[in-house]
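Asks: If you read the protein sequences in the order shown, they are chains A and B.
Take 410 as the starting number for the first sequence in my numbering and just add one per residue.
Take 92 as the starting number for the second sequence in my numbering and just add one per residue.
All residues carry an ideal CB built from backbone N, CA and C; glycine is no exception.
One structure follows; several queries about it will come next.
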Amino acid sequence: MTLFKVENIQKRFGSRVVLENISLSVEEGTVHGIMGPNGAGKTTCFHVLTGFYAPDAGRITFEGHDIAGRKPHQIARLGISRSFQIMNLFDDTVVIENVILALPEFRSRSFNVTQNVFDDTALVDRALEVLDQVGLADRAWQKAAALSYGNRRALEIAVALAADPRIVFLDEPTSGLGAEATRRLMDLIRSLRETYTIVMIEHDMRFLFELADTISVIHWGQVIAEDTPAALRANKWVARSTLGDVA
Amino acid sequence: MISLSDIPARGGSPFTRSMGLFVLLLLTAPFWLEPIGLYQYLGMEIAIWILFALGFNLLFGYTGLHSFGHGAYLGIGAYAFGLFQQNITISLWGGLLAAITAATLAGALVGAFVSHRRGIYFALMTIAFGQVFWFAAIKLHSITGGEDGLLGIPRPDLVFGPLKLDISDNGALYWFVTIVLLVAVLALWRLVNAPFGRVLQAIRQNETRARFVGYNVWLIKWLTFVVSAAFAGLAGGLFAMAQESAYPDVMSLHQSGLIVMMVLVGGGLVSFWGPVFGVLLYFIARDIIGGLTETWLLWFGLMFVIMVMVRPEGMAGLFHVLRARLPLRSRKAVGPAAQAGRA
Ligand SMILES: Nc1ncnc2c1ncn2[C@@H]1O[C@H](COP(=O)(O)OP(=O)(O)OP(=O)(O)O)[C@@H](O)[C@H]1O
Ligand SMILES: [Mg+2]
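Here's what the structure looks like:
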């Protein structure tokens, strides 16, 4: 079943056309990869899909809702989560609060002024569960700013998962990670695919080809190919233009 | 370093040592102010400014919205209190309610314009609106009394059910102001430690992330602006009573800058109590250094500059460093440490 459908999205900044025409169709329960050279418009595409920018034209539908042009918080509340290419965390506070803030059961009382946040053991336990998924449970009470780079990446993902989303957008999750951390991330995403639908921008081709069910190749703001990893490997033209020698 | 967002000791319960010390100082001030050579009125002035500063810091420190025009709401509160006494009826509660309502409405209006901004644009717009209100206070002569302001504002009796107390002398008015301040401090303490307060701090730390985990950031910023304007209005109403007048200077840019300076010097960016230190420091400088030299404001300004340069976390940050250096006692495990065992 198609969970998330993008039809003919366009995005301009002034006279600069960044997204010429993007169409994607994400099937429920799959990992959908997005690749393409630097500056192709991948991050801009995520920004449009998650409400950071409104598209200039096109339709975006999620479970039948037309979400094009809706605000980020409205989109997030529908069960659409994302991580960022450039780290975006709550750095003055502890790891666990980064997750608590993203829990829907916390958000629903964001106007509550009578409770003490950290006294609510159900909330804390739920946040620990999420942290455990990404292997950060034992760092729950450290400051987010004090985490290592790899752990901050993991926390980005934990914050995205905390919302209990239907679909998760990950923007270059391996960026800056060493081989060992990348391997751990691969295991993590493999375990996540049981529960979530994932759309992932990635430059690491081995990583992407290993995990993705479908891959869209974006170039010059257009989808120049969309296929399974195996078929893309066979596609000489795509391979030459963007894959280099990975395949 | 400490941060406002550190998890509070004792899970946000107000019964902390700092709170105890604060209450103790407030309740005993009338008995030692005069013996040490100060005067009753000073205590009242300080209490009113603490009220203003703590409400302001909800916006400035906690939410990271740098308003440089908050004197406006203090002034609006003061005028509203005075106008209520002069045009409607002599009433303490009515006047304070008018002060809070007027400042809330003004805050709601301005907040609607500034809440989609942040950083320098937010700051500039708050200044601009502040100037508009100040200008209005001077020009609307028939209502506000122009440059002279409203004179002879009474200090109405405190009516509480069948109780009717005369609070027109400084000593009695101090007690009333103190009670209002204590209630306000407890309310603010509750606010910043509850989910709502943690969300404000999330917006300060990363507005984008807050948006993408589902918070209506615009609405929350607007609400915070309104709430802090309401506190300023209440402080303004009390200030009109203390001064027995309301005049344009109360809402001048100078006043708006002063509150920013107090909050920064005191450490409002890192501690709930920062604004209190800042207010105390300012009035000590004014009354004690001011007694020695006319140029006391220069010295206070210099202190501000040095503070911003060497210890941007302000007095509260300084105390924290001193306490960490002094081997008084090992800090007892609080919230997170106690919780860590469960992880
Ligand atoms: N707000 C903006 N205003 C103008 N140009 C923009 C804006 N945002 C992005 N661009 C431009 O759009 C192009 C695509 O940027 P984008 O960040 O989407 O690329 P990307 O595919 O994610 O690249 P990378 O692999 O380096 O992350 C770039 O040339 C960038 O300069
Ligand atoms: Mg990118």
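Should Ala190/B be labelled buried (16 or more other beta-carbon atoms within 10 Å of its own) or exposed?
Replies: By the 10 Å Cβ count, Ala190/B comes out buried.
Asks: Along chain B, which residues have their Cβ under 7 Å away from the Cβ of Pro638/A?
Replies: The contacting residues do not exist; Pro638/A stays about 29 Å from chain B at best.
Asks: Within this structure, are the beta carbons of Gly160/B and Ser347/B separated by less than 7 Å?
Replies: Yes, these two residues count as a Cβ contact at 7 Å.
Asks: What distance in whole Å lies between the Cβ atoms of Ala337/B and Ala331/B, which are believed to be in contact at a cut-off of 8 Å?
Replies: Contact flag correct, Cβ pair sits at about 5 Å.
Asks: Check each residue of the stretch 272 to 285 of chain B: if its Cβ is closer than 9 Å to any Cβ of chain A, include it; give the result in chain order.
Replies: Listed in sequence order: Ala278, Arg281, Leu282, Asn284 and Ala285.
Asks: Please report whether the beta-carbon of Ala321/B lies at a distance below 7 Å from any beta-carbon of chain A.
Replies: Answer no: the Cβ-Cβ gap between Ala321/B and chain A never drops below 7 Å.
Asks: Do you know whose CA, among Asp541/A, Ala572/A, Pro574/A and Val577/A, lies nearest Asn560/A's CA?
Replies: With distances taken between Cα atoms, Asn560/A lies closest to Asp541/A.
Asks: If you drop the 5 nearest sequence neighbours on each side, which residues of the same chain put their C-beta closer than 7 Å to that of Arg295/B?
Replies: So the list reads Tyr153, Thr154 and Gly155, once near-sequence residues are dropped.
Asks: Rounding to the nearest angstrom, what Cα-Cα distance links Ile505/A and Ala571/A in this structure?
Replies: Ile505/A and Ala571/A: Cα-Cα distance of roughly 11 Å.
Asks: Just reading off the alpha helix (DSSP H) that Ser600/A is part of, what are its end residues?
Replies: It spans Ala588 to Leu601 - the alpha helix (DSSP H) in which Ser600/A sits, taken as one unbroken run.
Asks: Using a Cβ distance threshold of 8 Å, determine whether the stretch 176 to 191 of chain B contacts the stretch 297 to 317 of chain B, with at least three qualifying pairs required.
Replies: No contact exists between the stretch 176 to 191 of chain B and the stretch 297 to 317 of chain B.
Asks: Using a Cβ cut-off of 7 Å (strictly closer), state whether Ala144/B contacts chain A.
Replies: Output row for Ala144/B: interface = no.
Asks: Alpha carbon to alpha carbon, what distance is there between Gly198/B and Asp97/B?
Replies: Approximately 29 Å between the Cα atoms of the pair.
Asks: Would you verify that the beta carbon of Ala429/B is, or is not, closer than 7 Å to some beta carbon of chain A?
Replies: Legend: pLDDT at Ala429/B = 41, less than 50; position of this residue unreliable, value from coordinates given subsequently. No - not a single Cβ of chain A is within 7 Å of the one on Ala429/B.
Asks: Can you grab the Cα-Cα spacing for the pair Asn507/A / Ala293/B, in whole Å?
Replies: When rounded, the distance between both Cα atoms is 9 Å.
Asks: Under a CB-based cut-off of 7 Å, is Val109/B close to chain A?
Replies: The sequence shown places Ser at residue 109/B, rather than the Val named in the question. False, the Cβ-Cβ gap to chain A never drops below 7 Å.
Asks: Among Ala407/B, Arg377/B, Ser233/B and Gly365/B, which has the Cα closest to the Cα of Phe143/B?
Replies: Comparing Cα positions, the closest option is Gly365/B.
Asks: With DSSP as the reference, label Phe368/B as helix, strand or coil.
Replies: Three-state DSSP puts Phe368/B in a helix.
Asks: My understanding is that Val543/A touches Ile566/A, with C-beta atoms under 8 Å, so please give their C-beta distance in whole angstroms.
Replies: Going by Cβ atoms, the distance from Val543/A to Ile566/A rounds to 6 Å, so yes, they are a contact pair.
Asks: Buried or exposed for Val223/B, going by 16 or more other Cβ atoms inside 10 Å?
Replies: With fewer than 16 other Cβ atoms within 10 Å, it is exposed.
Asks: Is Val41/B buried or exposed, if buried means 16 or more other CB atoms sit within 10 Å of its CB?
Replies: Nothing in the structure corresponds to residue 41/B, since chain B is present only between 92 and 434.
Asks: Cβ-heavy atom distance between Lys451/A and ligand 2 below 6 Å?
Replies: Answer for Lys451/A: yes, Cβ within range of ligand 2.
Asks: Confirm the yes/no value for this check: CB of Gly585/A, any heavy atom of ligand 1, distance under 6 Å.
Replies: Not so, every heavy atom of ligand 1 lies at least 6 Å from the Cβ.
Asks: Does chain B have any CB closer than 7 Å to the CB of Phe499/A?
Replies: Closer than 7 Å to some Cβ of chain B, the Cβ of Phe499/A qualifies, so yes.
Asks: Does the CB of His482/A have a neighbour CB from chain B at under 7 Å?
Replies: Interface residue, yes.
Asks: Quick one: is His232/B buried, meaning 16 or more other Cβ sit within 10 Å of its Cβ, or exposed?
Replies: With fewer than 16 other Cβ atoms within 10 Å, it is exposed.
Asks: Give every residue of the same chain whose Cβ lies closer than 7 Å to the Cβ of Pro339/B, excluding the five residues on either side of it in the sequence, and list them in chain order.
Replies: The answer, listed in chain order, is Trp225, Ala228, Ile229, Glu238 and Gly240.
Asks: Measuring CB to CB, does Ala275/B end up less than 7 Å from Leu165/B?
Replies: No, these two residues do not count as a Cβ contact at 7 Å.
Asks: Val435/A CB to nearest chain B CB: under 7 Å?
Replies: With 7 Å as the cut-off, Val435/A does not count as an interface residue toward chain B.
Asks: What do you get for Phe422/A, buried or exposed, if any count of 16 or more other CB atoms within 10 angstroms of its CB means buried?
Replies: Counting Cβ neighbours within 10 Å, Phe422/A comes out exposed, since fewer than 16 surround it.
Asks: Quick one: is Thr119/B buried, meaning 16 or more other Cβ sit within 10 Å of its Cβ, or exposed?
Replies: That one is exposed.
Asks: Residues of chain A with CB under 8 Å from Tyr164/B, in chain order?
Replies: None at all; the shortest Cβ gap to chain A is about 21 Å.
Asks: Does ligand 1 have a heavy atom nearer than 6 Å to the CB of Phe422/A?
Replies: Result yes, Cβ under 6 Å from ligand 1.
Asks: Would the beta-carbon of Val626/A be found less than 6 Å away from any heavy atom of ligand 1?
Replies: The answer is no for Val626/A.
Asks: Could you tell me which residues DSSP puts in a beta bridge with His474/A?
Replies: DSSP lists Phe471/A as partners of His474/A.
Asks: Could you round the C-beta distance between Asn525/A and Gly103/B to whole angstroms and report it? I think they count as a contact, below 8 Å.
Replies: Yes, Asn525/A and Gly103/B are in contact; Cβ-Cβ is about 4 Å, under 8 Å.
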